[in-house]
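Novice:
This is the structure we're talking about:
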């Protein structure tokens, strides 16, 4: 039997080692890329919070158009991205479950959509209470104002906290998510200014910005590269709250500050973008 030269064995050993090395380097490069893009996206959202009040003073700043864009994109995100993502991630959650109840996929879906419903109900209750005061020509009390600021800070925290998990799935999805959340922030800024014209000053906006920063730090430190109960539940609560964005703009809660053709156009645009992304994934 012919003997295999030792040099050939060493060569194959080196190739294996180099292959593992390149795989590790590629993984580290992807981690770095996700961290950098997440940081950049968080910075953009911070900038939006800071610059919107200044832009609103300009004549060409049209709240009706921007609010309807935000409402349409939010609705598109919930039904075309968030909910399909929840369903897709159920097996991942099932593998992490520690109780028998959560090993059942139907039970997991129930819990996830319970968080969606909770987000909807909390945001709706706060918006409805504030709207009732505004309709009477009054400004809401301090408790309601602080509740709104607290919930918005939590949502801002959630948005940037789940960015790394979204980025590990797809960098382009993260950029699209940031674009949608940017319009959502413009809409929420308008709602808070509308309901709390004297209370919503710089400190309230800075508190929400701290939520953005805190979420990014949490996401960077946790380094969650796949869906977990924390990220999915955060996203579910956020999705429920985003449905209220449509209610605010298109169902008169902001006193007609909406533009239905723009809302419809933004919803169709979001649908087309998601469909193109699905086609590209299948081609890839």
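Numbering (the working numbering), first residue to last: 8 to 291.
Beta carbons: idealized from backbone N, C-alpha and C, even for Gly.
It should be emphasised that the depicted structure is a prediction, and the values quoted were computed from it without experimental measurement.
#1: Using beta-carbon positions only, say whether residue 281 and residue 56 come within less than 9 Å of one another.
#2: With burial defined as no fewer than 16 other Cβ atoms inside 10 Å of the residue's Cβ, what is the status of residue 84: buried or exposed?
#3: With a CB to CB cut of under 7 Å and the five nearest residues on each side skipped, what residues in its chain are close to residue 97?
#4: Any idea if residue 74 is buried or exposed, counting beta-carbon neighbours within 10 angstroms, 16 or more meaning buried?
#5: Exposed or buried, what is residue 288 when buried is set at 16 or more other beta-carbons lying within 10 Å of its beta-carbon?
#6: Name the two residues that bound the continuous alpha helix (DSSP H) containing residue 146.
#7: At what residues does the alpha helix (DSSP H) containing residue 89 begin and finish?
#8: For residue 216, count neighbouring C-beta atoms within 10 Å of its own C-beta (all shown protein chains included) and say buried if the count is 16 or more, exposed if not.
#9: DSSP state of residue 58, grouped into three classes?
#10: Within 10 Å of its beta-carbon, does residue 271 have 16 or more other beta-carbons around it, so buried, or fewer, so exposed?
#11: On a CA-only basis, which of 194, 58 and 100 is nearest residue 159? Give me that one, please.
#12: Using a 10 Å radius around the Cβ and a threshold of 16 neighbouring Cβ atoms, would you call residue 139 buried or exposed?
#13: Where does residue 105 sit, in a helix, a strand or coil, going by DSSP?
#14: Pick helix, strand or coil for residue 171, following the three-state DSSP scheme.
#15: Below 8 Å on the Cβ atoms is my contact criterion, and I expect residue 129 with residue 93 to pass it. Report the Cβ-Cβ distance as a whole number of Å.
#16: CB residue 45 to CB residue 174, shorter than 9 Å?
#17: In this structure, how does DSSP classify residue 139 when only helix, strand and coil are distinguished?
#18: Run through DSSP, which three-state label would residue 204 get?
#19: Verify whether the separation of the beta carbon atoms of residue 248 and residue 162 is less than 9 Å.
#20: Do the CB positions of residue 243 and residue 123 come within less than 9 Å of each other?
#21: Helix, strand or coil: which one does DSSP assign to residue 284?
#22: Whole angstroms are fine: how far does the CA of residue 186 sit from the CA of residue 251?
#23: By the DSSP assignment, the alpha helix (DSSP H) with residue 4 in it spans what residues?
#24: Beta-carbon within less than 6 Å of residue 273's beta-carbon, same chain only, minus the 5 sequence neighbours each way: which residues are those?
#25: Just to confirm, are residue 156 and residue 214 a CB contact at a threshold of 9 Å?
#26: Would DSSP call residue 196 helix, strand or coil?
#27: Can the beta-carbon of residue 197 be found closer than 9 Å to that of residue 63?
#28: On the premise that residue 137 lies in contact with residue 238, defined as a C-beta separation below 8 Å, what is that separation, rounded to the nearest angstrom?
#29: Inspect the beta-carbon positions of residue 152 and residue 207 and report whether they are closer than 9 Å.
Specialist: Taking the geometry as given:
#1: Residue 56 is positioned such that its CB atom lies no closer than 9 Å to that of residue 281.
#2: Taking all protein chains shown into account, residue 84 has 16 or more neighbouring C-beta atoms within 10 Å of its C-beta and is therefore buried.
#3: Closer than 7 Å at the Cβ level, and outside the excluded window around residue 97, lie 112, 115 and 116.
#4: It is buried - the Cβ of residue 74 has at least 16 other Cβ atoms within 10 Å.
#5: Exposed, by the Cβ-count rule.
#6: It is not in any alpha helix (DSSP H) - residue 146 carries neither H nor E in the DSSP assignment.
#7: Premise fails: residue 89 is in no alpha helix (DSSP H) and is neither H nor E.
#8: Buried, since its Cβ has 16 or more Cβ neighbours within 10 Å.
#9: Note: residue 58 maps to helix in three-state DSSP.
#10: With fewer than 16 Cβ atoms within 10 Å of its Cβ, residue 271 is classed as exposed.
#11: Closest in C-alpha terms to residue 159, from the list 194, 58 and 100, comes 194.
#12: With fewer than 16 other Cβ atoms within 10 Å, it is exposed.
#13: In the structure shown, residue 105 sits in coil (DSSP, three-state: anything other than H, G, I, E or B).
#14: In the three-state scheme derived from DSSP, where H, G and I count as helix and E and B as strand, residue 171 is classed as helix.
#15: That belief does not hold up - the Cβ atoms of residue 129 and residue 93 are roughly 18 Å apart, past 8 Å.
#16: In contact: residue 45 and residue 174 (Cβ atoms closer than 9 Å).
#17: Secondary structure at residue 139: helix, using DSSP grouped into helix, strand and coil.
#18: Of the three classes helix, strand and coil, the one that applies to residue 204 here is coil, per DSSP.
#19: Yes, the pair counts as a contact, with Cβ atoms nearer than the cut-off.
#20: Annotated as proximal: residue 243 and residue 123, with beta-carbon spacing under 9 Å.
#21: If DSSP states are grouped into helix, strand and coil, residue 284 belongs with the helices.
#22: If you draw a straight line from the Cα of residue 251 to the Cα of residue 186, it comes to about 18 Å.
#23: Residue 4 lies beyond the range of the chain shown here (8 to 291); nothing can be said about it.
#24: Answer for residue 273: 76, 79 and 80, listed in chain order.
#25: Pairing residue 156 with residue 214 gives a Cβ-Cβ distance under 9 Å.
#26: Residue state for residue 196 is assigned as helix, using DSSP reduced to three classes.
#27: Against a cut-off of 9 Å, the Cβ pair of residue 63 and residue 197 comes out as a contact.
#28: No, residue 238 and residue 137 are not in contact; Cβ-Cβ is about 29 Å, not under 8 Å.
#29: Going by C-beta atoms, residue 152 is nearer than 9 Å to residue 207.
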